[in-house]
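Remarks on the structure that follows.
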Amino acid sequence: MSMPSAPKELLLRIILTLNQYPLLNARMRMRMRRMLFDRGSIKPADFEAEVRTNAIESQIREGMHDPLAEEPPEAWEQRLNIVREQLTDYYFSLSYNFDTFEGVVRDLLKERGVPEQEGLLSINPELAPTDLIFEQAMTIERMPEGERARHEARLSESKVVLIRMLISDQLRYINIAKEWFTISDLAEIRRRKIGYGKIGGKAAGMLLAARILKEVADEPLRSKLRVPESYFIGSDMLYTYLSINNLVHWNDQKYKPEDQMRAEYPQIQADFLAGEFPPDVLVRLEGMLDAIGPQPLIVRSSSLLEDNFGTSFAGKYESIFCPNQGTPQENLRALTQAIATVYSTVFNPNALVYRRSKGLQDYDERMALLIQVVEGEKVNGYYLPQAAGVAFSRNLYRWSPQIRREDGFLRLVWGMGTRAVDRVGNDYPRLVALSHPTLRPSTSVNAIRRYSQQYVDVIDLKSNTFLTLPTREILNSNYDPLRYIAQVEQDGFFSSLRTNIVDDPRNLYVTFEDLLRRTPFAEYMRQILHILEHNYHAPVDMEFVANVKQTPEGRPDVTISILQCRPQSYLIESEQIGIPTDLKPEDIVFSTRFIVPRGQIRDVEYVLFVSPAGYFQLESESARNELVRTIGQINAALAGKTFICVGPGRWGTSNADLGVPVNYGDIYNARSLVEISGELMGSIAPEPSLGTHFFQDLLEAQIYPLALDMNDERTILNKEFFYDMPSCLAEFIPGEAEQLADALRLIDVHAVLPGCQMDIVMDDDEGQAVGYVIRGKTPSTD
Numbered sequence: 023m024s025m026p027s028a029p030k031e032l033l034l035r036i037i038l039t040l041n042q043y044p045l046l047n048a049r050m051r052m053r054m055r056r057m058l059f060d061r062g063s064i065k066p067a068d069f070e071a072e073v074r075t076n077a078i079e080s081q082i083r084e085g086m087h088d089p090l091a092e093e094p095p096e097a098w099e100q101r102l103n104i105v106r107e108q109l110t111d112y113y114f115s116l117s118y119n120f121d122t123f124e125g126v127v128r129d130l131l132k133e134r135g136v137p138e139q140e141g142l143l144s145i146n147p148e149l150a151p152t153d154l155i156f157e158q159a160m161t162i163e164r165m166p167e168g169e170r171a172r173h174e175a176r177l178s179e180s181k182v183v184l185i186r187m188l189i190s191d192q193l194r195y196i197n198i199a200k201e202w203f204t205i206s207d208l209a210e211i212r213r214r215k216i217g218y219g220k221i222g223g224k225a226a227g228m229l230l231a232a233r234i235l236k237e238v239a240d241e242p243l244r245s246k247l248r249v250p251e252s253y254f255i256g257s258d259m260l261y262t263y264l265s266i267n268n269l270v271h272w273n274d275q276k277y278k279p280e281d282q283m284r285a286e287y288p289q290i291q292a293d294f295l296a297g298e299f300p301p302d303v304l305v306r307l308e309g310m311l312d313a314i315g316p317q318p319l320i321v322r323s324s325s326l327l328e329d330n331f332g333t334s335f336a337g338k339y340e341s342i343f344c345p346n347q348g349t350p351q352e353n354l355r356a357l358t359q360a361i362a363t364v365y366s367t368v369f370n371p372n373a374l375v376y377r378r379s380k381g382l383q384d385y386d387e388r389m390a391l392l393i394q395v396v397e398g399e400k401v402n403g404y405y406l407p408q409a410a411g412v413a414f415s416r417n418l419y420r421w422s423p424q425i426r427r428e429d430g431f432l433r434l435v436w437g438m439g440t441r442a443v444d445r446v447g448n449d450y451p452r453l454v455a456l457s458h459p460t461l462r463p464s465t466s467v468n469a470i471r472r473y474s475q476q477y478v479d480v481i482d483l484k485s486n487t488f489l490t491l492p493t494r495e496i497l498n499s500n501y502d503p504l505r506y507i508a509q510v511e512q513d514g515f516f517s518s519l520r521t522n523i524v525d526d527p528r529n530l531y532v533t534f535e536d537l538l539r540r541t542p543f544a545e546y547m548r549q550i551l552h553i554l555e556h557n558y559h560a561p562v563d564m565e566f567v568a569n570v571k572q573t574p575e576g577r578p579d580v581t582i583s584i585l586q587c588r589p590q591s592y593l594i595e596s597e598q599i600g601i602p603t604d605l606k607p608e609d610i611v612f613s614t615r616f617i618v619p620r621g622q623i624r625d626v627e628y629v630l631f632v633s634p635a636g637y638f639q640l641e642s643e644s645a646r647n648e649l650v651r652t653i654g655q656i657n658a659a660l661a662g663k664t665f666i667c668v669g670p671g672r673w674g675t676s677n678a679d680l681g682v683p684v685n686y687g688d689i690y691n692a693r694s695l696v697e698i699s700g701e702l703m704g705s706i707a708p709e710p711s712l713g714t715h716f717f718q719d720l721l722e723a724q725i726y727p728l729a730l731d732m733n734d735e736r737t738i739l740n741k742e743f744f745y746d747m748p749s750c751l752a753e754f755i756p757g758e759a760e761q762l763a764d765a766l767r768l769i770d771v772h773a774v775l776p777g778c779q780m781d782i783v784m785d786d787d788e789g790q791a792v793g794y795v796i797r798g799k800t801p802s803t804d
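Per this note's numbering, the sequence shown starts with residue 23, numbered consecutively.
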């Protein structure tokens, strides 16, 4: 390009000045082009034609022999933009002086970025750099309503592109999110994001739920809602971490046999913890920690597939608490170790098997991270929320016919919400049906005591650690919200507290009775779930934290923090089938009235039975692990068959003393998991697993959870069927069947009962589930 000598100095000054405004210079050049076009220095069509001509010439200079065919569309779009900027600066330096240019800069700075309309349609959002997409979208969003209407389609396109770039490429999510997020919302997400890539499913769900509630909830409810201070690490950072630490060779784990995945996972975890982060990322993390201060943090997985419709990935990846109470160097080290730990869970065998079972093995599953300030308060050197849990907009397991499914339910705990979503220890959350918040599954004093929370998860601010403590170590008269959290047992009754003065703290039990009875908490939760379900166009589940304080007038003031929101897993609705009224006792395999769903399982072909006595007689943890491994083998062998699993205590527990510690990958082909508790289990009571991560897995896989409480006289277990019928275990694992014979049995129903069929009917209106044999019937082929 030849140009007169006079503008050279002016051109250089313009370029240097524009470079001082890296985020605003695109708007400045839009204004400069508009001035050129209005003055007639060059026509818009001629300008764009020259842009293309110069761009093609630059391709030839760079060695391209067929310019229009050799360069990818993204690179061509970037080249056009660079040339467009260069021509803008050049023609402006020919037509105006520097004072005029400074006026453009001053006007735009004064307007704080309100751009002109020129150039709005000159870029392709699908190919343009992110900065330009934001510039274009903000231009449209800030227009007067009448002018904006003409560009609404372009705004929608830009918004969808930005959601896809920053948040999620899942279409069902995008279809909802584009109606709610503003460009300012997306810009704030970008500002809080470290590294490239998307922020992942968990962060996406939290932000969308908060945005919907902010827009739709009425003012009394809206004023009670909070979102934790949050930061994001983009999903592409995982690949950077893999690359700089020579860990890329682990990336093919998802294609290996399951046994090899499990054998290699400990080494993967060690390799990730030994890795290092790029200096620029460490600087950003240090800045984040400085801004947050000494507040406890949690590093949460937020993978691209997580919390999506039909694939929640509940509990497949880790969340790590960082107490954040050490020196700056210690806090940074703890944070990077937590990030590395969560990164390693991308290769967790349970997650990989889950993906394989869902047909998602070939998806490029990158791990983004959500870093949040932990919601809670300081109590005697500990940090914990007053209430936390998981909420579901649909109550699939009712313990009374009067409970309305559509009002949802909660799984509520004191302290960190970890105890609400995991089956850990001999402990129980409070189950709350939001249509009848104070209606318990059982109202006897013994049942309330047994099913009350015994342990609490906290952050110990002094030792800078995450701890699990007995509730009585913290629950005392000095705890301000005590009256809303606990009740006192006296003379065989549970009583609410009028004051915080308690004679004997050992008589305190966590019940949440007065939080549910005397505050608007339950009504707030019901409204929140209704709003989210309506606008998600699907039932939802949501993790939350709640706190209550007394107002100066003495009224309880409840606030609720939204931690996570995703589509709720559910059992496919089936026609309600009544339980046959003419069943003979010898034809009943089992019967229970302990919290049943609605549904049926026709023609059960196999029953896998873990004998309670045999299981607990296994002498070592390795023997129990071997039994779990065998169950996994049977699960794989029976793919395509209809089978159920019946066993002691809690399926999926993390404590092998309380039940069979299977993972999702061990049982995902089953149709039902039946838990035996009570008489055959000593002191272990049945625990409704409603709302746990494991429960979510079962619902996604259409596996019905059932429980047989042997302390309930109405419960039936046909011991002859389970103990005396021949076992075909040796046909599937001939080398191990003998040593497991006392603990594990596999019953081929068609073989032991020729000409018969076993069905299971679950009637939630009657609150009963029955497995029974139909005599003289050819097995169903449905």
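For every residue, glycine included, the Cβ atom is placed at its ideal position computed from N, Cα and C. On a predicted model such as this, the values are computed, not experimentally measured, just so you know.
DSSP state of residue i mapped onto helix, strand, coil
i, result
"K200", "coil"
"Y339", "coil"
"G125", "helix"
"Q394", "strand"
"P727", "strand"
"T614", "strand"
"V524", "coil"
"T487", "strand"
"G682", "The question names Gly, but residue 682 in the sequence shown is Val. In this structure, V682 counts as coil in the three-state DSSP scheme."
"Y218", "coil"
"I698", "strand"
"N569", "strand"
"A373", "helix"
"R172", "coil"
"I599", "coil"
"S705", "Confidence at S705 is low in this model, with a pLDDT of 46, below 50, so its placement is unreliable and the value that follows should be read with caution. DSSP places S705 in coil when its eight states are reduced to three."
Distance, residue j Cα to residue i Cα
i, j, result
"R584", "A171", "Here residue 584 turns out to be Ile, not Arg, going by the sequence shown. Each residue's Cα considered, the two are about 34 Å apart."
"Y501", "V401", "7 Å"
"D449", "Y473", "7 Å"
"Y558", "P589", "8 Å"
"T75", "Y113", "16 Å"
"G675", "P683", "Gly is not the amino acid found at residue 675; the sequence shown has Thr there. Those two C-alpha atoms are separated by around 5 Å."
"F369", "L33", "54 Å"
"T460", "E535", "7 Å"
"A71", "D60", "18 Å"
"D563", "Y546", "15 Å"
"Y628", "D604", "24 Å"
"T490", "K484", "15 Å"
"I37", "D111", "7 Å"
Span of the beta strand (DSSP E), counted from its first residue to its last, around residue i
i, result
"P589", "P578 to P589"
"G687", "Segment Y686 to I689 is the alpha helix (DSSP H) holding G687; no beta strand (DSSP E) there."
"P670", "F665 to P670"
"A406", "The amino acid at residue 406 is misidentified as Ala; the sequence shows Leu. Unbroken beta strand (DSSP E) run through L406: Y404 to L406."
"Y794", "Q790 to I796"
"Q512", "A508 to Q512"
With 16 other Cβ atoms within 10 Å as the buried cut-off, status of residue i
i, result
"A48", "buried"
"Q512", "exposed"
"A791", "buried"
"R244", "exposed"
"Y531", "buried"
Nearest-angstrom Cβ-Cβ length linking residue i and residue j, presumed shorter than 8 Å
i, j, result
"Q622", "D781", "7 Å"
"K246", "T581", "5 Å"
"I205", "A159", "4 Å"
"Y506", "V454", "Y506 to V454, Cβ: 14 Å. No contact."
Endpoints, alpha helix (DSSP H) assigned at residue i
i, result
"V270", "Element bounds for V270: n/a, residue is neither H nor E."
"D734", "Element bounds for D734: n/a, residue is neither H nor E."
"R651", "E643 to A659"
"V771", "V771 to V774"
"S206", "I205 to R213"
"F638", "P634 to F638"
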